[in-house]
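In full-length UniProt numbering, the protein residues as written are 1 to 334.
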């Protein structure tokens with residue numbers, strides 16, 4: 001069986017701008033079949049950390065909201081709180097960050113609802129019977145929504161290699177307990193020759209797992225939850241990932257959480273990936289470096305795996321662009 005992935009390039013004409021083109025992509029990909037009139041539709045996205053500018057522009061979300069409303073749905077923008085120290089660790093700061101980054105009601109025409117409540121504890125347990133988890137813990141507002149539209153920004157990521165639909169769902173929809181369960185077993189390591197003892201990592205560790213000893217950072221593995229915040233914050237790249245079986249296990253856990261998020265919503269979900277502003281690191285960072293390749297376009301599909309396959313099948317995104325820019329749709333084996 002084959003799944004269809006619809007591709008939209010970023011070329012426009014006076015008769016069709018990017019927003020009209022995005023609307024056509026959504027209709028072609030089956031948006032109207034994803035929910036019924038008066039359904040509460042969760043639009044799962046990443047609002048961007050304060051200081052980051054690589055996240056999806058709010059005006060594109062307004063078009064998605066408009067398209068949902070045109071078919072009688074009731075959309076709300078949502079994400080779950082983060083584990084690490086930052087501006088999205090609780091619902092109050094999270095909503096303020098979303099508004100400051102442009103996701104205000106006046107711009108997007110939909111409310112922002114944080115999926116796992118004030119402190120990340122509002123969750124729903126979903127049975128998955130996977131290799132690593134029997135139950136997964138999902139932000140309740142996403143679990144209770146009638147339908148789900150995943151809107152992901154494709155970019156690099158320090159742990160998963162790249163972030164797209166699977167990470168947007170598996171990690172992004174998990175409650176605080178769910179995020180901790182996925183990160184457990186991942187403990188970074190300090191390269192002492194690079195560490196200058198500045199203490200930035202100690203200051204930013206939400207779990208107090210880092211300390212300084214003889215002017216070198218030391219990680220307490222019993223306290224570490226593997227959130228990788230210290231890797232991002234170190235100005236000297238002195239903290240890195242312990243590559244080994246831990247990363248494959250992390251990816252398997254994230255896939256099981258994705259299955260839990262979609263359980264019962266398999267036919268009531270649509271996936272959209274923006275392949276532009278492709279920064280080398282996650283939008284969780286308080287900064288974004290220059291894009292690693294040029295902007296490519298937007299893809300949409302009813303299959304969360306198929307929509308991710310082009311990026312893993314081809315070693316660079318430029319090749320993906322050259323192969324598929326004139327082919328709409330293209331077919332991928334399941």
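No residue lacks a Cβ here, since even glycine has one placed at the ideal position from N, Cα and C.
Between the alpha carbons of residue 282 and residue 89 lies a gap of roughly 16 Å. Residue 220 has its alpha-carbon roughly 44 Å from the corresponding atom of residue 62. Between residue 216 and residue 192 the beta-carbon gap is near 5 Å, inside 8 Å, which marks them as a contact.
CA-to-CA, the gap between residue 178 and residue 208 works out to about 20 Å.
In the three-state scheme derived from DSSP, where H, G and I count as helix and E and B as strand, residue 168 is classed as helix.
Distance check between residue 68 and each of 124, 92, 87, 24 places 24 closest, using alpha-carbon atoms only. The beta strand (DSSP E) runs of length 3 or more contained entirely in the stretch 39-123 are, from start to end of the chain, 40-44, 74-79, 112-114. Taking 9 Å as the cut-off, the Cβ atoms of residue 251 and residue 26 do not count as close. Within the same chain, and ignoring the five residues on either side of residue 292 in sequence, the residues whose Cβ sits closer than 8 Å to its Cβ are 156, 278, 279, 280.
Taken atom to atom, the span from the alpha-carbon of residue 38 to that of residue 266 is near 19 Å. Taking the CA atoms as reference points, residue 166 sits about 19 Å from residue 140. Under the DSSP assignment, residue 260 falls in the alpha helix (DSSP H) whose first and last residues are 246-262. Distance check between residue 262 and each of 148, 204, 203, 230 places 148 closest, using alpha-carbon atoms only.
Apart from the 5 residues on each side of it in sequence, residue 16 sits with its Cβ closer than 8 Å to the Cβ of 24 in its chain, given in chain order. Selection 22, 93, 43 evaluated against residue 50 yields 93 as nearest (Cα-Cα).
Within 10 angstroms of the beta-carbon of residue 257 lie 16 or more other beta-carbons, which makes it buried. Rounded to whole angstroms, the gap between the alpha carbons of residue 104 and residue 213 is 45 Å. Judged by DSSP in its simplified three-state form, residue 306 adopts coil rather than helix or strand.
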